[in-house]
Structure formats: structure tokens, C-alpha cells
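A.B. asks:
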Amino acid sequence: MLSFLSKRKKRGIAADEIPEGAIANLDELELELTHVGRYEIVAPIGSGGMGTVYKAIDRERDLTVAIKVLDRRYDLDKRRRSRDYLGREIEIAASLNHPAIVKIHKEIIVQEDRQGHMRRCLLMEFVDGPNLRKYIQDRSLTFRQMMDICRKLCMGLDFLHQNNVVHRDIKPENFLLTRDLQQVKIVDFGLSKMATGWRAFFDKGAGGTRRYMSPEQLTKGKIDARSDIFSFGVTMYEMFSGRHPCIGPDIREVLRQLRSSQYRFDPPSKYNSEITPQVDKVILKALRRNPDNRYQSMTELLLDLSRMGESRI
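Per our numbering, numbering of the sequence shown is gapless, rising by one per residue and ending at 314.
Below is the structure:
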């Protein structure tokens with residue numbers, strides 16, 4: 002039997018709004034360790050868009066992996082009653098191989114939980130390191146490190162876009178870094194966009210996710226790779242300045258500022274005087290509200306980053 006995180010809704014916090022990697026510090030989640038197939042669960046890593054991710058050990062091969070236990074909405078018994086896209090989506094995701102993208106294995110493990118529901122579990126590459134949020138909070142990255150991270154993420158996101166996958170949930174929590182900072186991995190990519198049957202979750206959006214959405218996402222407009230570019234611009238803004246580009250007392254005001262062209266984003270250099278005009282220019286172009294005025298591809302954004310060279314702020 003599979004035991005899993007029992008989610009309880011605490012006042013003001015929904016379980017699906019918990020950032021990836023934040024589980025260990027939250028008391029609203031009760032953990033029971035167990036096994037999924039031959040994999041021994043070691044510890045929770047985080048709760049993301051589709052379910053809960055665990056660190057696990059394959060005792061047969063002495064290998065550390067990550068396992069995502071999908072939410073009940075993806076239960077086999079539910080999907081048998083309607084069209085099931087997930088198997089095809091996992092097959093597509095498993096075919097995507099890039100150094101900046103976390104590897105998802107084609108295998109889907111089906112495990113019965115304590116209530117008798119058949120739960121789907123995904124086997125993924127384990128990344129031994131925190132997400133980008135930690136480094137933004139610590140302000141511990143040098144300019145060269147930030148530039149290197151941005152370049153690698155641009156290449157990974159461009160690879161997704163070239164394979165007709167739009168991430169739709171770009172934010173610091175979905176970028177993992179190895180402890181030596183040599184590798185950056187994109188997680189939680191594209192499963193909703195590759196089949197329209199799974200769009201509802203991201204269209205609904207949780208508070209922490211909506212803060213990074215493009216104006217067209219927030220207004221239910223046409224979404225393409227340029228939406229990811231806007232969200233990546235928000236992430237870059239935070240990385241270089243240490244703060245979100247929108248100022249507001251609550252999420253409603255933040256979303257209004259993201260949508261409205263009447264609100265002008267301050268240049269990141271206003272909050273970090275060492276930031277160069279070139280960095281300001283790249284980030285603010287990514288944040289243009291009209292998709293036609295943004296970078297049209299991650300390749301374009303990467304070229305501008307590369308033109309800056311290795312000069313230091």
C-alpha cells in the first residue's frame with residue numbers, strides 16, 4: 002500500500018499553493034514514509050503543480066531518484082471514465098533530453114493507496130540541490146553565476162519551445178540547481194500544455210504561480226512561448242534586484258499591475274545600483290506586456306545576454 006502526504010487546508014493557505022521545496026518547514030502536512038513499488042521513500046522534496054515529489058532510493062540498484070505522486074485528479078479510476086491524456090503526455094515528456102531539463106522516465110508506476118485508489122507515480126531524475134528561490138532569498142549569487150544560470154535556462158526553455166512545449170509555470174521554484182551550481186534543471190514543464198485536456202489547473206492558478214503569469218495568461222488570451230519569456234523576465238528581475246517587479250499589498254493588486262500597461266515596471270537597477278543598463282534593457286524587454294513587443298524567442302534573449310560578455314556588475 003502507498004501512504005502519502007495528507008493535505009490539510011490551513012487558514013489562508015491551500016495545499017496546492019505550497020511552493021516546491023517548502024514542505025519540510027510546514028506543519029500543515031502530515032508525512033508517512035513508505036514505498037512506491039521497489040522504491041523506498043526517504044523524504045518529501047516539495048509539492049508542485051501535479052502532486053507531491055519525494056526523494057526515494059532504488060534499493061536494487063542503489064540509486065537515488067525522485068518520485069512524483071500525482072494528485073487524485075489523475076487517478077486511474079477517474080480517467081477511465083473520460084478521455085485519458087496522461088500516458089501520452091508522459092511519453093512525450095520522457096522523449097525530451099537536454100542538460101537543463103530534469104529527466105522524466107517513461108515508466109508510470111501504479112500503486113494502490115490506503116483508500117483503495119489507484120494512484121499514478123512518475124519516476125524522475127533526482128537533483129541534489131535547492132531551487133533558485135533559496136539563492137534569490139540569500140542574495141548569494143555573483144553576477145557571473147546569475148548570467149550563467151540565465152544562459153543555461155534560456156537554452157533549456159528554448160529546447161522546450163522548439164519541441165512545441167510551453168512551460169506555462171515559470172518561477173524560481175521550478176528551477177533546481179546542483180550544489181556546485183554547475184547544472185540548472187527545469188522541472189514541472191509542459192504537461193498541461195501538451196494536451197488541452199489538462200489545461201484547467203494552470204488556468205486556475207495558485208497565488209504563488211499567478212505572480213509570474215504573463216498578461217495573456219491572466220486574461221485567458223492566446224498563450225505561446227512568449228508567455229514563458231514574460232514569466233522568465235519576472236524571474237530574472239527577482240534574481241538581479243532581489244524583489245518582484247510589482248508592488249502591492251495583496252495578490253489582487255499585484256495581478257492588476259502585471260496586466261495593466263498604466264503601471265510601469267521600475268528598472269531593476271533602482272533596487273540594485275550595481276546593475277548595468279544592459280541588464281535593465283534585457284529584463285524590461287522580456288516584461289513588455291504586448292507579446293509582439295517582447296523577445297520572440299528564447300534564442301533572441303540568449304543572444305542579448307551573450308552580447309554582455311562576462312563583464313561584472
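Idealized CB from N, CA, C, for every residue including glycine.
Using DSSP bridges, identify the partner residues of C151.
C.D. replies: C151 pairs with nothing; no bridge assigned.
A.B. asks: Alpha carbon to alpha carbon, what distance is there between L158 and L302?
C.D. replies: When rounded, the distance between both Cα atoms is 11 Å.
A.B. asks: Is it the case that the Cβ atoms of L133 and L87 are separated by a distance below 9 Å?
C.D. replies: Going by C-beta atoms, L133 is not nearer than 9 Å to L87.
A.B. asks: Just to confirm, are V103 and V188 a CB contact at a threshold of 9 Å?
C.D. replies: In contact: V103 and V188 (Cβ atoms closer than 9 Å).
A.B. asks: Do E126 and V66 have their beta-carbon atoms positioned less than 9 Å apart in this structure?
C.D. replies: Going by C-beta atoms, V66 is nearer than 9 Å to E126.
A.B. asks: Whose C-beta lies closer than 7 Å to the C-beta of R257 among residues of the same chain, with five residues either side of it excluded?
C.D. replies: Nothing meets the Cβ criterion.
A.B. asks: Return yes when the Cβ of F266 is within less than 9 Å of the Cβ of P250, no when it is not.
C.D. replies: No, Cβ-Cβ distance for P250 and F266 is not below 9 Å.
A.B. asks: Can you give me the Cβ contacts of C155 inside the same chain, cut-off strictly under 6 Å, excluding the 5 residues immediately before and after it?
C.D. replies: Result list for C155: M299, L302 and L303, in chain order.
A.B. asks: Okay, do the region 111-126 and the region 135-155 touch, 3+ Cβ pairs below 8 Å being the bar?
C.D. replies: As far as the Cβ criterion goes, the region 111-126 does not touch the region 135-155, which means the pair count is below three.
A.B. asks: How big is the Cα-Cα spacing for K186 and P100?
C.D. replies: If I take the Cα positions, the gap works out to 7 Å.
A.B. asks: Assuming contact is defined by CB atoms lying nearer than 9 Å, are L161 and D225 in contact in what I supplied?
C.D. replies: Going by C-beta atoms, L161 is not nearer than 9 Å to D225.
A.B. asks: Assign V70 to buried or exposed, taking buried as 16 or more other Cβ atoms, counted over all protein chains shown, within 10 Å of its Cβ.
C.D. replies: With 16 or more Cβ atoms within 10 Å of its Cβ, V70 is classed as buried.
A.B. asks: Consult DSSP for L177 and reduce its assignment to one of helix, strand or coil.
C.D. replies: If DSSP states are grouped into helix, strand and coil, L177 belongs with the strands.
A.B. asks: Here's a check: name, in chain order, each residue in its chain whose Cβ is nearer than 6 Å to the Cβ of G52, leaving out the five neighbours to either side.
C.D. replies: These residues qualify, in order along the chain: K69, V70, L71 and D72.
A.B. asks: Cα separation between L142 and N175?
C.D. replies: Distance between the alpha carbons of L142 and N175 is about 18 Å.
A.B. asks: With a CB to CB cut of under 7 Å and the five nearest residues on each side skipped, what residues in its chain are close to Y40?
C.D. replies: So the list reads A57, I58, D59, V66 and I68, once near-sequence residues are dropped.
A.B. asks: Might you give, ordered along the chain, the residues of its own chain that have their beta carbon closer than 7 Å to the beta carbon of I171, omitting 5 neighbours on each side?
C.D. replies: So the qualifying residues of the chain are Y213, D229, S232, F233 and T236.
A.B. asks: Between N291, R62 and I42, which has its C-alpha nearest S215's C-alpha?
C.D. replies: Of the candidates N291, R62 and I42, the one whose C-alpha sits nearest the C-alpha of S215 is N291.
A.B. asks: By how many angstroms is the C-alpha of M309 removed from the C-alpha of I105?
C.D. replies: Rounded to whole angstroms, I105 to M309 spans 34 Å at the Cα level.
A.B. asks: Give, in chain order, every unbroken run of the beta strand (DSSP E) that is at least 3 residues long and sits entirely within the region 112-145.
C.D. replies: Fully enclosed beta strand (DSSP E) runs of 3 or longer: 119-125.
A.B. asks: In the DSSP assignment, what residue or residues form a beta bridge with T53?
C.D. replies: Answer is S48 and V70, bridged to T53.
A.B. asks: Could you tell me the alpha carbon to alpha carbon distance between R9 and D305, rounded to whole angstroms?
C.D. replies: With a pLDDT of only 34 at R9, under 50, the local geometry of the prediction cannot be trusted, and the value read off the model is given with reservation. Distance between the alpha carbons of R9 and D305: 45 Å.
A.B. asks: Is the beta carbon of V166 closer than 9 Å to that of L97?
C.D. replies: Against a cut-off of 9 Å, the Cβ pair of V166 and L97 comes out as a contact.
A.B. asks: Classify K104 as helix, strand or coil using the three-state DSSP reduction.
C.D. replies: In this structure, K104 counts as coil in the three-state DSSP scheme.
A.B. asks: Let me check one thing: in DSSP terms, what residues is T65 bridge-paired to?
C.D. replies: In the DSSP output, where bridge partners are listed per residue, T65 has I58.
A.B. asks: Between I248, I46, R260 and L182, which lies nearest to L219 when the distance is taken from Cα to Cα?
C.D. replies: Of the candidates I248, I46, R260 and L182, the one whose C-alpha sits nearest the C-alpha of L219 is R260.
A.B. asks: From L285 to S270, what does the alpha carbon distance come to, in whole angstroms?
C.D. replies: Cα-Cα distance, rounded: 11 Å.
A.B. asks: Would you say Y272 and G243 are within 9 Å of each other, going by their C-beta atoms?
C.D. replies: Contact flag set, yes.
A.B. asks: If you follow the alpha helix (DSSP H) that K286 is part of, which residue opens it and which one closes it?
C.D. replies: Counting along the chain, the alpha helix (DSSP H) containing K286 begins and ends at P278 to A287.
A.B. asks: So, helix, strand or coil for H168, using DSSP?
C.D. replies: The answer is coil: DSSP assigns H168 none of H, G, I, E or B.
A.B. asks: So, at 6 Å on beta carbons, what are the nonlocal neighbours of L34 in its own chain, with the 5 sequence-adjacent residues on each side left out?
C.D. replies: Annotation note: pLDDT 44 at L34 (below 50); position unreliable, coordinate value reported separately. Closer than 6 Å at the Cβ level, and outside the excluded window around L34, lie I42.
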